[in-house]
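Below is one structure, written out as structure tokens; the observations come after it.
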Amino acid sequence: MTGQPKRLFPGGILIPLLAAAMFALSGGAALAQLTDQDVAEIPAGPQPIKFSHKIHATDIQIPCEYCHIYARRSLVSGVPPVQICMGCHQLVGTQLAEVQKLKEYWDKKEPIPWVKIHDVPDFVRYPHFRHVRARNEIFPNGVPCQTCHGPIETMHVVEKFNPDFGLMGWCMECHLTIPGAQERKAATPAGPGSTSLKNAMSPIGHHRPNLTDCLTCHK
Amino acid sequence: MERELRRRDFFKVLAAGGASAAAAAGCSDVPEKLIPLLVPPDNIDYVPGNPIDYATTCAECPAGCGMIMRTREGRAIKAEGNPDHPINRGNLCIRGQSSLQTLYNPARIPSAMLREGEEWREAEWDAAEHAAAERLRAVSDPSRIVLMTNRADGTRGQLLDQWLSALGASPKVVLDPLGQHAIKQANRRMFGRPEIPQYRIDRATFLLNFGSDFLETWLSPVRQNRQFAQMHAANDEERTRGRFVHVGPHLSLSGANADDWLPVRPGSETVVALAIARQTVHRNGRRVPPGDRARVEAFLRPFTLARAAEEAGVAEERLQALADEFARAEQSLALGGGTSLAHEAASDAHAAVSLLNFVAGNVGETVQFGAMQQIDSSSPFAEVLDAVRRMRSGEVDVLIVDGANPLYHLPPATGVEEALGRVGTIVSLSSAWDETTHRAHILLPGLTAYERWGDAFPQRGVFALRQPVMAPVFPVKAPEDTLISLGKALGLAGFEDGTAFRDYLMEAWREIQLETGSREPFEEFWRQSLQNGGVFRQVAFSSIVRLRPDALNRPLAQPSLEGNGLLLLPTPSLRHRSGEGSVNPWLQEIPDPLSQVVWDSWADINPETAKAHGISHGDQMVVRSPEGEVTVSAYYHYGVHRDVIAVPLGQGHSGAGRTADGRGVNIVSLLPAKTDADSGDFAFLSTRVTIERGEGRSFVVQLDGSPRQMGRGIIKTITPEQFAKGEKPADGHHAGGGEHPRRIDFYPERGDTPGYYEPYRWGMTIDVDRCTGCSACVAACYAENNVPVVGKERVALGREMSWLRIERFLEGEGDSYKTLMQPMLCQHCENAGCEPVCPVYATYHTPEGLNAQVYNRCVGTRYCANNCVYKVRRFNWFEYEYDSPLHLQLNPDVTVRSKGIMEKCTFCVQRIHRARYSANGQGRDIREGEVTPACVQTCPTSAIAFGNLADPNSAVARRALRGEHDEDKRVRQYEVLAETANKPGITYLRKVMDLIDGHPGEEA
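Read top to bottom, the protein sequences are chains A and B.
Take 1 as the starting number for the first sequence in our numbering and just add one per residue.
Take 220 as the starting number for the second sequence in our numbering and just add one per residue.
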């Protein structure tokens, strides 16, 4: 997915329905055979519904941003609106008890109370879209989701792939690899005598944000 | 994974200590929930995390300023001015900034209620509405139904009229104590034009103000602040500056901005204006049309300067000098307004001011008729009093109250309390509890103006729309819709189908579309109008205005204010207007810029008068009028006439919620029920009072610390002569000049250190000569940055949390004293005092020139605050609460600080980041004007500028003149407390001010 994102569902629920139909016709056909027994083998997690990223992202190959529609546009990636789930699950997987649970929420007009696994402290600003849309030497096409969230497409139950997720040192491991960051760290705020700034410009023509400055992330 | 002991864990163990250490170290965050949307809204481009702005119209006063309400995730979080709106051009005043707290007022009524004896019972909406309809139906004679409201602007007024006439009820009563009928009446008498003219303050070179508080509440304060700065503030290119003289018994904020003050005896303004008019004709008669000259001269003949000086109690020479200056002025303007003219001969006083403008040739120039200003939808006060009289004599069966609060706003002398008791049923449509709502029987609470539809037409060519900026905070209905549905239940003609008010409004706007000349399909016109906040057309207000043949037939009377004791002058409050603003915590916590008092009332009294009565500053003072007495704190103020005490309106509520209740006194309770005979306006200046020292000292909290600069040169001045010549004033010893050695640094400049200030160095300039002290910036800062409100008791301990404050200093004494005001905030110093003393490196200078405060590093030693010479750092002594639903206002881009954390101005770093995200996303750096901190955004006089000092072409760099070769050009530029070598990032520009007793301000 590249380019300027457009609203995915200008026609409300129509396009997801079409997509669902396409899945049903193509690779998704295999899914129609999933049974509650198959689902029972999936380990239970803290979530109200046994949602499996592995089935959705690996088995059916749905791209991350098909559901996480805000990641490219906003500070938050956004939990998918229940409508997006129902776009497919009105037709697909209706035989499964877990999908029935989803339908119950939908019929009751209640959102699903997912449990937050990847939590960044409230005093940190983490703009998803600046990472997803990054253009630099290390990430010429944006930071892949897996860089922070791990091999999430292989997980039945989402968990932090690294216990240090959300700790500052863990963020800095990456931030210090961006060209110029080490020089910045040496230059500021330690004072005089440091080297001049190398690679201060990003490949797309702006001064790089200072990825080692506290205020870049701390709000 | 094996984990060593981390720094943070170490601190946790250290903090918890002893046996509980293990438990403390082991505790983790409570898992949070992720609640998705069920269905994303598809009519807007809704993206969680991104703000959506809605254009609407401010409703805090009748001026009709355009507003952009910023929402996040469906909550309104910040009010800003609409830059396209011709009235306020993007700025708001302190009350407009606080409108969010009207929306989230904790005293709002959450549901329909019915009274059972003394108790209130929550009721189903339909049941309560049915009960109201039954009561209305049971009325034998519909003229015994009265509707009282506080605002009837735009189409809403039309609906009220239609509804009442369909019902056959009495015409609507619109209660606003600060009505402006006297001006209209005066202009009717003089010119046959019953209007509030458009005052072009910006076009004047000399402004003469008879009492009006044009920078606070009078007419259109945001516009007037802007125009005043255009007219009066120093123009550094041409080295010119307008002159402003205030005439009246009291200096409010507007008067405090004057270059000179003529403290006239109250009520003598009429004669003073006529004497100045006489002198103007005498000196420069060419401006009077030849046909009118003879009768004007004849009319003015008795009003000699000597007589006026005698009546006003001022020296004739001063009056003469003032009159000559007025007559000589290239373009003059006389304003008349405020409560000091609101006496029993108010229309006569305004007529005198109108005549003065006429003889000075200002009509058509700085006083323009034909603007059709509708910034006052109120009924003449006499009509309100008549409604009360009818209620009192049992002629009213049902009273519908919609936003009006007669029990608070009307003096008890009107018998309003008894009147409400005699009304069979009171139905309240008000959105929040107040004195009157508590007396109602049926509550059908309304939505606030920010959750409902509406419009306003503040002047010709300005059609402003109001739209809901968010879903209702409480499940209640707009008062208009309640009336429509009551009308349907009663089967009123025109209301049979119960069309929603939105549709009613759209119908009205079909007419407006014709008026604006737009030819698009209506849907397109409507959509665009909503998006822009209305339709704004450029119209010229040229209109030929002649003096009426009978204008001068009647003498202009002076009020009779004879009697013993002091005259009581209630003054409109910058923060609370006439009482509406006191429910907003920000407006209580932000000090009055002049008195620096918070959460309270006070009585301005001249120190000489006070001493004669044995009363000291801060003493309890009993004020007695024939109508009653109040006890209020005495406040020494040179800016009040010796025969007057002035008490601000707006406090002394009971029953309006915990923010407002029991704060100060409601001074209206001392007033008799008198009106201006000619216009029916309320006569505020109408009673004499006796004063007496009360028991003990008052607990009045004042934030100014020392009112004197003690030669510190915090606010510096330059004399008009020096300014005209471009001559740099010499600073005194303690103000950074004189024998202080030039500072020598052992370290290179930050700017020479690699990594710093490339490509940005954020900086600010503040022009003290433009600052009027209006405090809008302070409220904007509270709103944008989640600054907590701590309450009077904690403010008294010096624990207020404001990141930005208006500092006020006095210079001189007696009648010739001067007031200096300037915004003070974190100076983002290059060599900050706070930084080296922080043991945990929580505060430091960022490479972009901000003084950063990293909350999660801060351990609360408070060393930084102790070492800051500007006193701008604030410490969270507690975890401060937000009464529900006030918490909905919090800005999610800014951390809500917890107990034990130091905080201060960040230059709105969250806005810098937003600008950076969008600029870098487009592959470029941030451009000039893309970052606007909240204070800069709202400043109506453009006193504050913000930008990139590293860019020599930026406006802020050109204004700050910090370059190596700029030293000689820095005529007005200075840094506060420069001698402390903190190298602040904010440059101030000196105020242009006359010397007091031969000394420049900072030397006093």
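Even for Gly, the Cβ is constructed at its ideal location relative to N, Cα and C.
Presumed contact (8 Å Cβ cut-off) between residue i and residue j, rounded CB distance
i: M1040 (chain B); j: R1024 (chain B); result: No, M1040 (chain B) and R1024 (chain B) are not in contact; Cβ-Cβ is about 10 Å, not under 8 Å.
i: V358 (chain B); j: V586 (chain B); result: 47 Å between Cβ atoms; not a contact.
i: L1044 (chain B); j: V1088 (chain B); result: Rounded, the Cβ-Cβ distance is 13 Å, inconsistent with contact.
i: L757 (chain B); j: Q417 (chain B); result: It should be noted that the sequence gives Gln, not Leu, for residue 757 (chain B). At roughly 14 Å, the Cβ-Cβ gap does not stay under 8 Å, so Q757 (chain B) and Q417 (chain B) are not in contact.
i: F839 (chain B); j: G915 (chain B); result: Contrary to the premise, residue 839 (chain B) reads as Gln rather than Phe in this sequence. Correct: roughly 6 Å between the Cβ atoms.
i: G283 (chain B); j: A675 (chain B); result: 4 Å
i: Q732 (chain B); j: F741 (chain B); result: 6 Å
i: Y273 (chain B); j: V754 (chain B); result: At roughly 17 Å, the Cβ-Cβ gap does not stay under 8 Å, so Y273 (chain B) and V754 (chain B) are not in contact.
Residue i versus residue j: straight-line alpha-carbon distance, rounded
i: R512 (chain B); j: A829 (chain B); result: 47 Å
i: H872 (chain B); j: A879 (chain B); result: 6 Å
i: D298 (chain B); j: L319 (chain B); result: First, the residue type needs correcting, since residue 298 (chain B) is Ala and not Asp in the sequence shown. Approximately 7 Å, taken between the alpha carbons.
i: G710 (chain B); j: W382 (chain B); result: 11 Å
i: Y855 (chain B); j: S814 (chain B); result: 9 Å
i: I328 (chain B); j: P691 (chain B); result: 12 Å
i: A892 (chain B); j: T633 (chain B); result: 5 Å
i: W437 (chain B); j: C280 (chain B); result: 10 Å
i: A999 (chain B); j: G315 (chain B); result: 9 Å
i: G881 (chain B); j: G622 (chain B); result: 21 Å
i: K707 (chain B); j: H349 (chain B); result: 11 Å
i: I402 (chain B); j: A517 (chain B); result: 24 Å
i: D716 (chain B); j: Y723 (chain B); result: 11 Å
i: L481 (chain B); j: D1034 (chain B); result: 8 Å
i: A423 (chain B); j: Y265 (chain B); result: 47 Å
i: M591 (chain B); j: L538 (chain B); result: 34 Å
i: G467 (chain B); j: A475 (chain B); result: 12 Å
i: W509 (chain B); j: L793 (chain B); result: Correcting the residue identity first, residue 509 (chain B) is Pro in this sequence and not Trp. Answer to the nearest angstrom: the Cα atoms are 43 Å apart.
i: V859 (chain B); j: A492 (chain B); result: 20 Å
i: F901 (chain B); j: G430 (chain B); result: 16 Å
i: H175 (chain A); j: N210 (chain A); result: 9 Å
Simplified DSSP assignment, three categories, for residue i
i: G833 (chain B); result: coil
i: H175 (chain A); result: helix
i: G1220 (chain B); result: Its pLDDT being 45, under 50, G1220 (chain B) is placed unreliably in this model, and the coordinates cannot settle the point.
i: H156 (chain A); result: coil
i: H569 (chain B); result: helix
i: S779 (chain B); result: coil
i: S761 (chain B); result: coil
i: R882 (chain B); result: coil
i: F51 (chain A); result: coil
i: S551 (chain B); result: strand
i: K893 (chain B); result: coil
i: Y70 (chain A); result: coil
i: R1191 (chain B); result: coil
i: W981 (chain B); result: strand
i: G300 (chain B); result: strand
i: D261 (chain B); result: coil
i: M86 (chain A); result: helix
Inside the region 1018-1097 of chain B only - alpha helix (DSSP H) runs reaching at least 4 residues:
1082-1085
Which complete beta strand (DSSP E) runs does the region 670-695 of chain B hold, if anything under 3 residues is left out?
673-678, 681-685
Considering only residues of the region 1083-1168 of chain B, which uninterrupted alpha helix (DSSP H) runs meet the minimum length of 4 residues and lie entirely inside it, listed in chain order?
1128-1140, 1153-1157
Whole runs of the beta strand (DSSP E) within the region 572-638 of chain B, excluding any shorter than 3 residues:
617-621
Stretch pair the region 365-382 of chain B + the region 519-539 of chain B: three plus CB contacts closer than 8 Å:
no
Please list the segments of the beta strand (DSSP E) lying wholly inside the region 362-450 of chain B, counting only runs of 3 or more residues, in order along the chain.
364-368, 425-429
Counting only runs that start and end within the region 782-825 of chain B, where is the alpha helix (DSSP H) found for 4 or more residues in a row?
804-808
Which runs of the alpha helix (DSSP H) spanning at least 4 residues fall entirely within the region 98-174 of chain A, listed in chain order?
128-132, 146-149
Which residue spans inside the region 504-560 of chain B form an unbroken alpha helix (DSSP H) run of at least 4?
509-519, 524-531, 535-547
Check whether the region 148-159 of chain A and the region 47-66 of chain A are in contact - that is, three or more C-beta pairs closer than 8 Å.
yes
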